[in-house]
Structures are given as structure tokens and as C-alpha cells.
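Those sequence lines, one after another, are chains F and V. 437 is the number of the first residue of the first sequence in this note's numbering; add one for each residue after it. 544 is the number of the first residue of the second sequence in this note's numbering; add one for each residue after it. Please read the structure below before turning to the comments.
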Amino acid sequence: MHRSRRSEALELGSLERRLLNDFQHHLPLTPAPYAEIAAQLGTSEEAVLAALQELQGAGAVSRVGAVFRTHRVGASTLAAMAVPPERLEEVAALVSGYDAVNHNYEREHRINLWFVATAADDTQLTQVLNDIEQRSGIAVMALPMLEDFHIDLGFELKWT
Amino acid sequence: MDMNALPRMHAENITDADRRLVTAIQHGLPLVSHPYAALGAQCGLSEEEVITRLTALLANGTIKRLGVVVRHRELGYRANAMVVWDIPDERVSELGHCIGRFEFVTLCYRRPRRLPAWPYNLFCMIHGQDRDAVLERVQQIEQHCQIAEVPHEVLFSRRRFKQRGAIYAPVQHGITV
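Structure below.
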């Protein structure tokens, strides 16, 4: 993908590093949050916005926004399929084609295709999974979250 | 496919306005001087209402965090593994909390077993700069939580076919990325 190629060459200055590491949570809930971040970092609002735009363009930042606790809004589940290796690309493309699917990975296991599906409610979610099962002819194993043990404090980045 | 275990919606405390706000914010905050005002304009709320509601959604835990959402792989964290354990049901809560506390664990969930194909009931996600770094972290967890003898598997990711924020809006609203 063009995007990830660009980011391999991504060079991070100290402003970028601090934006990435220090603001994964507690974005100021004030009318001009980027100006407030800028004040904390001793720079201008314009510089913060430009850096965030560049990080987003390079693919290092997916968005500045909210991470929702699973299941508090709508319905979602992790799902997995054991896809014959020769069909993996085809089935992965089929799965990724759904708006309801937001993560889709190949993992090293006999059960090799893992994705997260999200919909407005359980009925729509079930429809999506059934549809994938029917179109691919491969069973879909639904593994919904039952209990969340993780407290999301963001992820501490270690620079090499 | 057993869908009985699908979770129920916890929508009791979510108002219509919240729902519109959630729909508007799922692609991220606009990178403009007054993002909450811009967001409000998209969903018919004032800047003040947006800030008040986001504050409430954070306080009641609907939103886990508000901030910069990084993509690990692009930042040099090339290895990520889903580590799964088959933990006796009566110990899963205790050990889940033990594992979920590590700063390098980005998710830690209990999920149903799907026997016989899938015996594992605790799932966590670990990112690292390479495979060895991830395996070292798995060992660290095993030692600290004393679960070296618990059956587990490490499923490294190979290819990423798709990654973006979740979209909760009904399909008929036509939201796409």
C-alpha cells in the first residue's frame, strides 16, 4: 500500500513524538483543544494541526478521536475462519468488502483469518456473519467479548 | 455458527443526541481550530453540548479514551500477536486483571470457547518491535501471573487486510470510509 510505504521513511521530530505519545488520551475538552496542546508543548496551534495532518497522511495516526468501549454502542464481535491457504486472498477481500468489518488480519494458525465486525445491533451483525459464511462457504466462528479486563491508558511508544 | 453468545446492546443510557454524536465522531475529530464546534455542526449540537456529552460519555465509560489513535505498525511496531489462554473459568477474572494491567497489553478480553475447535477463553493483544520482543513480553506475563503451565497459543499477525475505526451506524445511513 502506498500509505505504509511512505511511513517507512517517516521521520519524527520531537513535536511529532510528543503528539503521538502524550496525547493518546485526555484530549482537552475545551473549545480549542489543539491550541491548548500547543501551549503545553510550547508551539503554535498551526504547528500542531500541521503535524497531526502530516502524521495522518503518513498513516502513523489513524485519527484524533474517541476509542469506544466495545458493546456500549451498537454490537460487535471478533470472528475467525479457517480458510484454505489458496483461497485466503479471495476470502479476505470478500470479508474486507463489508462496511461492517473494521479490522481484518491474517494470523499464523490453522484458523487464519481474524476480523472484527460491528453493526448497529445484533440482528444486523448476525446478518453480516451469515452472509460471509454463505458467500465464502466457510464457517465463521463468532467470539464476542464477554468481559473486558483492560484499562486503556494508551500505549507507551518506545523510540529506537 | 453459534450466535447465542452475542452480547446485548447497552443502549439504555444513550440518547438520540449521543447516537448522532457517536456517528459524527467515529471518523475522528476534524483537524481544525474548533473541532467540537465543527463536530456539532455535523450532528445538530452546539459546541457546548458536544463538550458536555463527550465529558459524560467518558465519565460513564462509553468512551474509553479521547485522543490521538496511533497505528502501531507504521510506527515501527511490526510484530503483533494475539495471545490466547485456556484458563479455568473460576480463575479467568483474576488472571484477566493480572494480564490486562501490563502497559504493553492493548486488549484483554474474556471470550467464549468454541469446542472442540477453539478451547481458549482469554485473549490479549501484544505489540512489539519484532517477534522476539513480543515473545519476551509473553514470558514476562507468564512469570508475573504464574500461568506458565496454562495452555496457550501465540498467533502472530501476518498480513493486515483492513484496519480502521469501527462504524456503528446502520447500513441504510450509507456511511462508508
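Glycine included, C-beta positions come from ideal geometry on N, C-alpha and C. As the structure is a computational prediction, the values presented were derived from the model and not from experiment.
Considering only their Cβ atoms, is the gap separating residue j from residue i smaller than 8 Å?
| i | j | result |
| --- | --- | --- |
| Tyr470 (chain F) | Glu452 (chain F) | no |
| Ala578 (chain F) | Ala511 (chain F) | no |
| Val761 (chain V) | Cys667 (chain V) | In this structure chain V extends from 544 to 720, so residue 761 (chain V) is not present and cannot be described. |
| Gly610 (chain V) | Phe459 (chain F) | yes |
| Arg614 (chain V) | Gly449 (chain F) | no |
| Leu665 (chain V) | Val635 (chain V) | yes |
| Ala518 (chain F) | Arg546 (chain F) | yes |
| Tyr579 (chain V) | Pro467 (chain F) | yes |
| Phe504 (chain F) | Tyr652 (chain V) | no |
| Arg461 (chain F) | Arg608 (chain V) | The displayed chain sequence assigns His, not Arg, to residue 461 (chain F). Against a cut-off of 8 Å, the Cβ pair of Arg608 (chain V) and His461 (chain F) comes out as a contact. |
| Pro728 (chain V) | Arg656 (chain V) | Since the first residue of chain V shown is 544 and the last is 720, residue 728 (chain V) is not available in this structure. |
| Phe704 (chain V) | Ala622 (chain V) | no |
| Leu564 (chain V) | Cys586 (chain V) | yes |
| Ala475 (chain F) | Ala483 (chain F) | no |
| Phe647 (chain V) | Arg616 (chain V) | no |
| Val693 (chain V) | Ile630 (chain V) | yes |
| Ala602 (chain V) | Val677 (chain V) | no |
| Leu549 (chain F) | Leu514 (chain F) | no |
| His577 (chain V) | Glu590 (chain V) | yes |
Could you tell me if residue i is buried or exposed, where buried requires 16 or more neighbouring beta carbons within 10 angstroms of its beta carbon?
| i | result |
| --- | --- |
| Glu633 (chain V) | exposed |
| Asp559 (chain V) | exposed |
| Thr566 (chain V) | buried |
| His687 (chain V) | exposed |
| Glu542 (chain F) | buried |
| Ala516 (chain F) | buried |
| Asn566 (chain F) | exposed |
| Arg702 (chain V) | exposed |
| Val575 (chain V) | exposed |
| Met581 (chain F) | buried |
| Leu588 (chain V) | buried |
| Arg571 (chain F) | exposed |
| Leu455 (chain F) | buried |
| Gln682 (chain V) | exposed |
| Pro520 (chain F) | exposed |
| Leu491 (chain F) | buried |
| Leu561 (chain F) | buried |
| Leu549 (chain V) | Residue placement at Leu549 (chain V) cannot be trusted, given a pLDDT of 32 that sits under 50; what the coordinates show is reported in the next sentence. Under this definition Leu549 (chain V) is a buried residue. |
| Thr559 (chain F) | exposed |
| Pro659 (chain V) | exposed |
| Gly671 (chain V) | buried |
| Gln569 (chain V) | buried |
Helix, strand or coil: how does DSSP classify residue i here?
| i | result |
| --- | --- |
| Asn540 (chain F) | strand |
| Ile669 (chain V) | strand |
| Arg702 (chain V) | strand |
| Ile690 (chain V) | coil |
| His577 (chain V) | coil |
| Asp632 (chain V) | helix |
| Glu583 (chain F) | strand |
| Glu646 (chain V) | coil |
| Val576 (chain F) | coil |
| Ser532 (chain F) | helix |
| Ile473 (chain F) | helix |
| Thr513 (chain F) | strand |
| Gly495 (chain F) | coil |
| Val677 (chain V) | helix |
| Gly449 (chain F) | coil |
| His640 (chain V) | helix |
| Arg562 (chain V) | helix |
Less than 8 Å between CB atoms is the rule here; does residue i satisfy it with respect to chain F?
| i | result |
| --- | --- |
| Ser589 (chain V) | no |
| Thr605 (chain V) | yes |
| Thr558 (chain V) | no |
| Arg674 (chain V) | no |
| Val742 (chain V) | In the structure displayed, chain V extends from 544 to 720; residue 742 (chain V) sits before or after that span and is not available. |
| Cys651 (chain V) | yes |
| His687 (chain V) | no |
| Pro655 (chain V) | yes |
| Val677 (chain V) | no |
Cβ of residue i less than 8 Å from any chain V Cβ?
| i | result |
| --- | --- |
| Glu544 (chain F) | yes |
| Ala526 (chain F) | Note on identity: in this sequence residue 526 (chain F) is Glu, with Ala being the wrong assignment. By this cut-off, Glu526 (chain F) is not an interface position. |
| Gly493 (chain F) | no |
| Leu477 (chain F) | no |
| Val519 (chain F) | no |
| Gln570 (chain F) | no |
| Ala483 (chain F) | no |
| Leu530 (chain F) | no |
| Leu451 (chain F) | no |
| Gly573 (chain F) | no |
| Arg505 (chain F) | yes |
| Ala601 (chain F) | Residue 601 (chain F) is absent from the structure shown; chain F starts at 437 and stops at 596. |
Is there a Cβ of chain B sitting closer than 8 Å to that of residue i, yes or no?
| i | result |
| --- | --- |
| Leu658 (chain V) | Absent here is chain B; the protein component of the structure consists of chains F and V. |
Would you say the beta carbon of residue i is closer than 7 Å to some non-hydrogen atom of the ligand GTP?
| i | result |
| --- | --- |
| Leu451 (chain F) | This structure lacks the ligand GTP, and indeed carries no ligand of any kind. |
Item to check | the region 486-505 of chain F in contact with the region 525-537 of chain F per 3-pair CB rule at 8 Å | outcome: Touching, no.
Item to check | Meets three-Cβ-pair contact criterion under 8 Å: the region 581-597 of chain V and the region 483-491 of chain F | outcome: Two segments are said to touch when three or more pairs of C-beta atoms, one from each, lie closer than 8 Å; by this definition the region 581-597 of chain V does not touch the region 483-491 of chain F.
Item to check | contact_flag[the region 641-661 of chain V, the region 670-689 of chain V] where n(CB pairs < 8 Å) is 3 or more | outcome: Verdict: yes, contact present.
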